[in-house]
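Novice: One structure coming up, written as C-alpha cells, with questions to follow.
Number of protein chains: 2
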Amino acid sequence: MEYKKEVIRFIDDLKNYLPHVSIDCTIFGFHDGQLKVLLLRWKETNDWCLPGGRVYHNENLDAAAHRSLQKRTGLSEIFLQQFHTFGDVIRYKNFSVQETLTKLGLPIEVGMEIISRDVSVGYYALVEFAGVTPTPDFFTEECRWWDIDQIPLLLFDHNDMITLALKTLRRQLSYQPIGYTLLPDKFTMPDLQQLYETILGQTLDRRNFQKRMLGYGILERLEERKIGGAHKAPYLYRFNKEKYEKALSDEILFVG
Amino acid sequence: MEYKKEVIRFIDDLKNYLPHVSIDCTIFGFHDGQLKVLLLRWKETNDWCLPGGRVYHNENLDAAAHRSLQKRTGLSEIFLQQFHTFGDVIRYKNFSVQETLTKLGLPIEVGMEIISRDVSVGYYALVEFAGVTPTPDFFTEECRWWDIDQIPLLLFDHNDMITLALKTLRRQLSYQPIGYTLLPDKFTMPDLQQLYETILGQTLDRRNFQKRMLGYGILERLEERKIGGAHKAPYLYRFNKEKYEKALSDEILFVG
Chain A
126 MEYKKEVIRF IDDLKNYLPH VSIDCTIFGF HDGQLKVLLL RWKETNDWCL PGGRVYHNEN
186 LDAAAHRSLQ KRTGLSEIFL QQFHTFGDVI RYKNFSVQET LTKLGLPIEV GMEIISRDVS
246 VGYYALVEFA GVTPTPDFFT EECRWWDIDQ IPLLLFDHND MITLALKTLR RQLSYQPIGY
306 TLLPDKFTMP DLQQLYETIL GQTLDRRNFQ KRMLGYGILE RLEERKIGGA HKAPYLYRFN
366 KEKYEKALSD EILFVG
Chain B
126 MEYKKEVIRF IDDLKNYLPH VSIDCTIFGF HDGQLKVLLL RWKETNDWCL PGGRVYHNEN
186 LDAAAHRSLQ KRTGLSEIFL QQFHTFGDVI RYKNFSVQET LTKLGLPIEV GMEIISRDVS
246 VGYYALVEFA GVTPTPDFFT EECRWWDIDQ IPLLLFDHND MITLALKTLR RQLSYQPIGY
306 TLLPDKFTMP DLQQLYETIL GQTLDRRNFQ KRMLGYGILE RLEERKIGGA HKAPYLYRFN
366 KEKYEKALSD EILFVG
C-alpha cells in the first residue's frame, strides 16, 4: 500500500518538472585498479540503468544533475561534467514498456511518462569511491558499482551513454589533469599511472608518464614513502589543489 | 499583410515541435586569415543572434540541427558537432521581450514562445566560407559573417555559446585534425598554420608545427608549388581524405 501512495505522489509530482527533458549521469569511481560505474536495478527486474532525473521548472540544468547525483551517492561536492545530449526519437532499446509496467505493477500514467520523448542531457561525474553511499531511487531497488568492462546490456540508450562518457573522459586527458577526486589524498606515481592506463585502456611508458606528469607542475612529492611493498618504497605524491585547478581551467593545449 | 499571414502560420506550426527544447548553431568559417561566425539580425532591430531552430516531434536532434543549418547556409553536407546544452532558467540576457515585440509588431503568442523556458542544445559547424549563401529566417532580415574578435553583444546567452564553441574547437585541436572543411582543396603549410593560430589565438613555432602536422600522416604534398608570393614558392598540400577521417575517429590521444 505504501508503494501505491508513492506512485500517486510520483505522478502528482510530474507537473513540477520540465516535460521532454531529462538528465542521466555516468558516475565513475576508481577502486582496486578498476574503473567502475554506478548502476541501478529496476524493482522486481534484472534490468539495469544509469541514475538520472528530471529538471524542475525553476531549476538550472546543472543544479538538477547535482541534485540527482547527491541523492544517489550521498556526496555533496561532485566534479560533474556535461558531455552530450541524447536526442534521438527512439532511445528505448532493449526495453518493453508493457512488460516492465506489468512487472512493476505500475499504472499507465507512469508508463506514459516512461515512454514520453525525452531529450536527455548526459553528465559524467568522477567521485571518490570510498565516500559513496549507493542509494536506489523510486523506480529501483538496488544501486551498486560495476566494473567498466563488465557492464551488462542496459535499458534505454544507456550503454551508448557510458561509451561516450568514457570517450569524453579519455579526451579530457589530452587537455586537463585527472585524478583529484578519483585517487586518495596521497598516492604513488604507479597509482596515478594505473588510473591513466585504466581510463585509456592501454599501458603507458613509465618514464615518459612520470616526466609528463611532473612537467604539469601540479604534483607535490612528500617526504614520506609508501611502505609495505616488495620493491623499493615509492614516493608518495599529493595534488597541489591550487595548481591543479589552474591547470583545469587553463587547459594544456596543442603547443605546436 | 503577408507578414501577418506568416505570423499566423508560424504560431500554428509551433504544435509540431517539441516544447522546451531548441537548438542553436555557431557556424565557423575561415576567410582572409580570419575566423568568422554567421549571425542573424532581427527584423527592424539592430539586435544580432546565432541561427537556431526547433525539433519536430518525430525528428532526431542532430537532424533538426542539420535542417536549420542547411536553411541558413545553403550547404547540404556540414561537419556539425554538438558541444553543450544551455539549460539555465534565465537565458535571456540583453533582451526585453516587451520592447522586441513592440518593434516587431508581433502578437503575444509569439512573445510567449520567445520567453518560454527552452533548454537549448548548442552545435558548432565548420563550413567552407565560399560555399555559404547566408539566408535569414522568420524572425530576421539580415544574415552575415562577423569576425570572431568583433562579435557584438548578442541576444539571449549567445555570446556565451560562441565562447564555449570556440573553447571546444580549441580542445578539438589536441585530439583531432582540423581544416578539411575550412581550407580550400589545396593549401600551403603557412595557410594551415594560420588556421591553427587563428583558432588558438596564439602564434606557433613554424618548424614544430610542420613536424607535428606531417607526423599525423594525413597530408599529401603535391608536385605543384604556390606561385606569386615574394618568397620562395611554398609547396601545396592536400588532405588525404581517408587518413584524415581515420584520424578523426581514432583521436590522437595522450601517449604517455
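Protein sequences appear in the order of chains A and B. The opening position of the first sequence corresponds to residue 126 in my numbering, with each subsequent residue numbered one higher. The opening position of the second sequence corresponds to residue 126 in my numbering, with each subsequent residue numbered one higher. All C-beta atoms in this analysis are idealised placements derived from N, C-alpha and C, irrespective of residue type, glycine included. Just so you know, these numbers come straight off a predicted model, no measurement behind them.
What residues of chain A sit near P144 (chain B), judged by a beta carbon separation below 8 angstroms?
Specialist: P144, H145
Novice: Within the same chain, show all residues whose beta-carbon is closer than 8 angstroms to that of Y181 (chain B), passing over the 5 residues directly before and after it, in chain order.
Specialist: N141, Y142, L143, A189
Novice: From what residue to what residue does the beta strand (DSSP E) around R346 (chain B) run?
Specialist: 344–350
Novice: Would you check if there are 3 or more beta carbon pairs closer than 8 angstroms linking the region 342–353 of chain B to the region 294–314 of chain B?
Specialist: yes
Novice: Expressed to the nearest angstrom, what Euclidean distance is found between the alpha-carbon atoms of D118 (chain B) and K368 (chain B)?
Specialist: What the structure shows of chain B is the stretch from 126 to 381, and residue 118 (chain B) is not part of that stretch, so it cannot be assessed.
Novice: On the CB-based measure, 16 or more other CB atoms within 10 Å of its CB, does K292 (chain A) come out buried or exposed?
Specialist: exposed
Novice: Return the residue from the list B:A358, B:F135, B:R197 that minimises the CA-CA distance to V252 (chain B).
Specialist: Considering only alpha carbons, the answer is B:R197.
Novice: So, does the CB of S299 (chain A) fall closer than 8 angstroms to a CB anywhere in chain B?
Specialist: yes
Novice: With a floor of 3 residues, list each beta strand (DSSP E) that falls wholly inside the region 263–331 of chain A, ordered by position along the chain.
Specialist: Those beta strand (DSSP E) runs which fall completely within the region 263–331 of chain A and span 3+ residues are 265–272.
Novice: Does D282 (chain B) get closer than 8 angstroms to chain A when you measure Cβ to Cβ?
Specialist: no
Novice: Identify which residue in B:L317, B:T151, B:G256 has its Cα closest to the Cα of D285 (chain B).
Specialist: The option with the nearest alpha carbon to D285 (chain B) is B:T151.
Novice: For a contact defined as C-beta to C-beta under 8 angstroms, what are the partners of V162 (chain B) on chain A?
Specialist: Within 8 angstroms Cβ-Cβ: nothing; V162 (chain B) doesn't reach chain A, min ~20 angstroms.
Novice: Do you know offhand how far I343 (chain A)'s Cα is from H191 (chain A)'s?
Specialist: Whole-angstrom Cα-Cα distance: 27 angstroms.
Novice: Is there at least one Cβ from chain B nearer than 8 angstroms to N171 (chain A)'s Cβ?
Specialist: no
Novice: Give me the Cβ distance between G158 (chain A) and F254 (chain A), rounded to the nearest whole Å; I'm assuming they're in contact under 8 angstroms.
Specialist: Under the criterion of beta carbons closer than 8 angstroms, G158 (chain A) and F254 (chain A) do not qualify as touching, at roughly 12 angstroms.
Novice: Would you list the one or two residues that DSSP bridges to F155 (chain A)?
Specialist: Beta bridge pairing from DSSP links F155 (chain A) with A:L160.
Novice: Measuring only between beta-carbons, confirm whether H191 (chain B) sits less than 8 angstroms from chain A.
Specialist: Chain A places no beta carbon closer than 8 angstroms to that of H191 (chain B), leaving this residue out of the contacts.
Novice: Would DSSP call R216 (chain A) helix, strand or coil?
Specialist: coil
Novice: In terms of alpha-carbon separation, which member of B:C174, B:L194, B:G340 lies closest to Y217 (chain B)?
Specialist: B:C174
Novice: Roughly how many angstroms lie between the CA atoms of V380 (chain A) and E322 (chain B), to the nearest whole one?
Specialist: Model confidence at V380 (chain A) stands at a pLDDT of 43, short of 50, so the residue's coordinates are unreliable; what they give is reported in the following sentence. Rounded to the nearest angstrom, the two C-alpha atoms are 10 angstroms apart.
Novice: Find the residues of chain A that neighbour D316 (chain B), judging by a C-beta separation of less than 7 angstroms, and give them in chain order.
Specialist: Ordered by position in chain A, no residue passes the 7 angstroms Cβ test against D316 (chain B), which lies about 15 angstroms from the chain.
Novice: Is L320 (chain A) near M338 (chain A), with beta carbons less than 8 angstroms apart?
Specialist: no
Novice: Applying a beta-carbon distance threshold of less than 9 angstroms, which residues of chain B neighbour D137 (chain A)?
Specialist: Near D137 (chain A) there are no residues of chain B at all, since even the closest Cβ is about 20 angstroms away, more than 9 angstroms.
Novice: Would you mind giving the Cβ-Cβ distance between L163 (chain A) and P259 (chain A), rounded to the nearest angstrom? I have them listed as a contact below 8 angstroms.
Specialist: A Cβ-Cβ separation of about 6 angstroms places L163 (chain A) in contact with P259 (chain A) under the 8 angstroms criterion.
Novice: Leaving out the 5 sequence neighbours to the left and right, which residues in its chain are closer than 8 angstroms to L165 (chain A) when beta-carbon positions are compared?
Specialist: W173, C174, L175, P176, R197, P261, D262, F264, T265, E267, C268
Novice: Can you find a CB in chain B that lies within less than 8 angstroms of the CB of Q223 (chain A)?
Specialist: no
Novice: With a CB to CB cut of under 6 angstroms and the five nearest residues on each side skipped, what residues in its chain are close to L289 (chain A)?
Specialist: H209
Novice: Is H116 (chain B) close to chain A, meaning its C-beta is less than 8 angstroms from at least one C-beta of that chain?
Specialist: The structure shown does not extend to residue 116 (chain B), since chain B spans only 126 to 381, so no value can be given for it.
Novice: So with CB distances below 9 angstroms, who are the chain A contacts of N141 (chain B)?
Specialist: Here the premise fails: no neighbours, minimum Cβ distance about 13 angstroms.
Novice: Strictly by DSSP, which residues pair up with R363 (chain B)?
Specialist: DSSP lists B:E345 as the bridge partner or partners of R363 (chain B).
Novice: In chain B, which residues lie with their C-beta within 8 angstroms of the C-beta of E383 (chain A)?
Specialist: No information on residue 383 (chain A) is available, as it lies outside the stretch 126 to 381 that chain A covers here.
Novice: Less than 7 angstroms between C-beta atoms, sequence neighbours within five positions excluded: which residues of the same chain meet that for D272 (chain A)?
Specialist: Taken in chain order, the residues that qualify are Q159, K161.
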